[in-house]
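Below is one structure, written out as structure tokens; comments come after it.
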Amino acid sequence: MTIRLHDTSARQIRDFVPLTAGCVSIYLCGATVQAAPHIGHIRSGLNFDIMRRWFTYRGYDVTFIRNVTDIDDKIITKSAEQGRPWWSIGYENERAFNDGYDVLGCLPPTYEPRATGHIPEMIEMMRGLIERGHAYEAQGNVYFDVRSLPGYLELSNQELDDLRQPSGDGETGKRDQRDFAMWKATKPGEPSWETPWGRGRPGWHLECSAMAHKYLGSAFDIHGGGIDLIFPHHENEIAQAKAFGDAFANYWVHNGWVTMSGEKMSKSLGNSVLVSEMVKHWRPIVLRYYLGTPHYRSMIEYSEEALREAESAFARIEGFVQRAIEKAGETVPPAAEVPAAFAEAMDEDLGVPQALAIVHTAVRQGNSALAADDKEVAAARLAEVRAMLGVLGLDPLDPHWAGEGDRGEDLHGVVDTLVRLVLDQRQSARARKDWAAADAIRDQLGQSGLVIEDSPTGPRWTLGQR
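Under this note's numbering, the first residue of the sequence shown is numbered 14, with each subsequent residue one higher.
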């Protein structure tokens, strides 16, 4: 068994060899909490949740770090616009992100450090870089000297002569415009912390280098994030860490975007779809299916049609699970192992689309067994399906999804009671052989978006397509 991952730095799929046998260390760039999350933000956390689950299934002890950037230019700008403390905005949106991760079934990280909780570690790293000649102070700012590090820009494959480094307001005193800020001198009204070079606040890149070093040491296995972070963020993280003396990440794994009309989903473009709003209209487990089943490196073009297709596909899986449980007369636990073809697909750069094809094949075989009244085969396929869905975080029988058919509102029990009253009327019509009335009730329920299915234990309703 060898897991293989696409390594951005190598520009190819590589065999995964852990630094410590049986262990995997992962650092994921998490939320910058200037606003509530849209589904593009949450996709990254979901993709790496699947990675983590697969490593765990394969027997690895996983340490998973997902940071929170709770101070940066965007948060300070929001604070000024809204007349609210920067920490209030950050905390509110940090909770919104965690709610988004949780509602879509992401496991909590091993540690979730905040940038503002690690100023001493950042000062220590800056001091070391200045002493080694890789950084310098200028007018209260601290900059990284990009020319001091051979190999700078190898991740993004750029030429130094062509580099255009993003810069913010107040970044004065640079020796070279290509140098980047590690620490920004204080400005009136902005939050600041004391350092040997004056009061100020951290730069974005420094935060992650310092936190990765604290929680994972000088070397770790995998650094993850969206493809938009390759430059400047990840490139500059590498520069700081390696100049400090760290080996840093052994593999770089990047996920694709969720796009709308071909553009990255972004609040600045006004095309974002908030998770908190989406779960009012779509079941969270369906959103997880939609965001988690394309390959993590692919782009997802958002559309309601694509969501409806995901809803229908998952309904076929969920329907089989429900029917098989009814036929078995008891809950069938997940199999101890997933099918070999599923494992082979997941081992090859987390090939979820190929793995999902194995799930649907097992569902078709299970449905055929149910039609033939073969309980033994149906139960075997159900156990396999549950094992595979469990790896993907999509097992509808998992306690996390219990009672989750409500599309974001606590209305499932109310709707169930009302539908049962109507179904009782339908059953009475069938008992007196008034087939026309029974069919009319069923058709009316269908027009309201409910699918009625007659099962050995009685009629069952599910939500149909919109």
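Ideal Cβ positions, reconstructed from N, Cα and C, are used throughout, including at glycine.
Query                                                                                                                                                          : Result
With a Cβ-Cβ cutoff of 8 Å, do residue 193 and residue 157 count as a contact?                                                                                 : yes
What residue does the beta strand (DSSP E) around residue 265 start on, and which one ends it?                                                                 : 261–268
Beta carbon of residue 113, beta carbon of residue 55: below 8 Å?                                                                                              : yes
Secondary structure at residue 308, three-state DSSP: helix, strand or coil?                                                                                   : coil
Is it buried or exposed for residue 238, if we count other Cβ within 10 angstroms and need 16 for buried?                                                      : buried
Please report the residue range of the beta strand (DSSP E) in which residue 238 lies.                                                                         : 232–239
Looking at C-beta atoms only, is the number of pairs between the segment 246–256 and the segment 292–312 that lie closer than 8 Å three or more?               : no
So with Cβ pairs under 8 Å, would you call residue 223 a contact of chain D?                                                                                   : Here there is only one protein chain, and chain D is not present.
Within this structure, are the beta carbons of residue 4 and residue 16 separated by less than 8 Å?                                                            : This structure gives no information on residue 4, because the portion of the chain shown stretches from 14 to 479.
Could you give the distance in angstroms between the alpha-carbon of residue 385 and the alpha-carbon of residue 378?                                          : 11 Å
In this structure, what does DSSP give as the bridge partners for residue 361?                                                                                 : 17
Let me check one thing: in DSSP terms, what residues is residue 81 bridge-paired to?                                                                           : 44, 127
State whether the segment 222–232 contacts the segment 120–127, with contact taken as three or more CB pairs (one from each stretch) at a distance under 8 Å.  : yes
According to the Cβ coordinates, are residue 35 and residue 119 closer than 8 Å?                                                                               : no
What would DSSP say about residue 168, mapped onto helix, strand or coil?                                                                                      : coil
Could you check the C-alpha separation between residue 319 and residue 446 for me, to the nearest Å?                                                           : 41 Å
Kindly indicate the opening and closing residues of the beta strand (DSSP E) around residue 28.                                                                : 25–28
Less than 8 Å between the beta carbons of residue 376 and residue 330, yes or no?                                                                              : yes
Could you check how far apart the C-beta atoms of residue 264 and residue 235 are, in whole angstroms? I think they sit under 8 Å.                             : 5 Å
Tell me whether residue 14 is buried or exposed, calling it buried when 16 or more other Cβ atoms sit within 10 Å of its Cβ.                                   : exposed
Can at least three beta-carbon pairs, one atom from the segment 181–188 and one from the segment 272–292, be found at a separation below 8 Å?                  : no
Assuming residue 150 and residue 143 are in contact, meaning their beta carbons sit under 8 Å apart, how far apart are those beta carbons, in whole angstroms? : 7 Å
Taking buried to mean at least 16 other C-beta atoms within 10 Å of its own C-beta, is residue 21 buried or exposed?                                           : buried
What residue does the beta strand (DSSP E) around residue 255 start on, and which one ends it?                                                                 : Where residue 255 is concerned, there is no enclosing beta strand (DSSP E), although the alpha helix (DSSP H) it sits in stretches over 248–257.
Looking only at its own chain, which residues have a Cβ that is under 8 Å from the Cβ of residue 344, when we skip the five neighbours before and after it?    : 338, 410
Along the chain, where does the alpha helix (DSSP H) that runs through residue 400 open and close?                                                             : 388–405
Which residues does DSSP pair with residue 344 in a beta bridge?                                                                                               : Residue 344 pairs with nothing; no bridge assigned.
Can you list, in chain order, the residues of its chain whose CB lies under 7 Å from that of residue 148, leaving out five sequence neighbours each side?      : 139, 142, 155, 156, 157, 158, 195
Using the beta-carbon count (16 or more within 10 Å), is residue 293 buried or exposed?                                                                        : exposed
Assign residue 423 to buried or exposed, taking buried as 16 or more other Cβ atoms, counted over all protein chains shown, within 10 Å of its Cβ.             : Confidence in residue 423 is poor, its pLDDT being 48 and thus under 50, which makes the residue's placement unreliable; the coordinate value appears in the next sentence. Looking at its Cβ environment, which holds fewer than 16 other Cβ atoms inside 10 Å, residue 423 is exposed.
Please identify the residue among 310, 442, 458 whose C-alpha is closest to the C-alpha of residue 432.                                                        : 458
Flag this pair as yes or no: are the beta carbons of residue 327 and residue 398 separated by less than 8 Å?                                                   : no
For a test of the three-state rule: what should DSSP assign to residue 463, helix, strand or coil?                                                             : strand
In terms of residue numbering, what span does the beta strand (DSSP E) encompassing residue 151 cover?                                                         : 148–151
For the putative contact between residue 390 and residue 382, defined by C-beta atoms under 8 Å, what is the C-beta separation to the nearest angstrom?        : 4 Å
Please report the residue range of the alpha helix (DSSP H) in which residue 61 lies.                                                                          : 52–70
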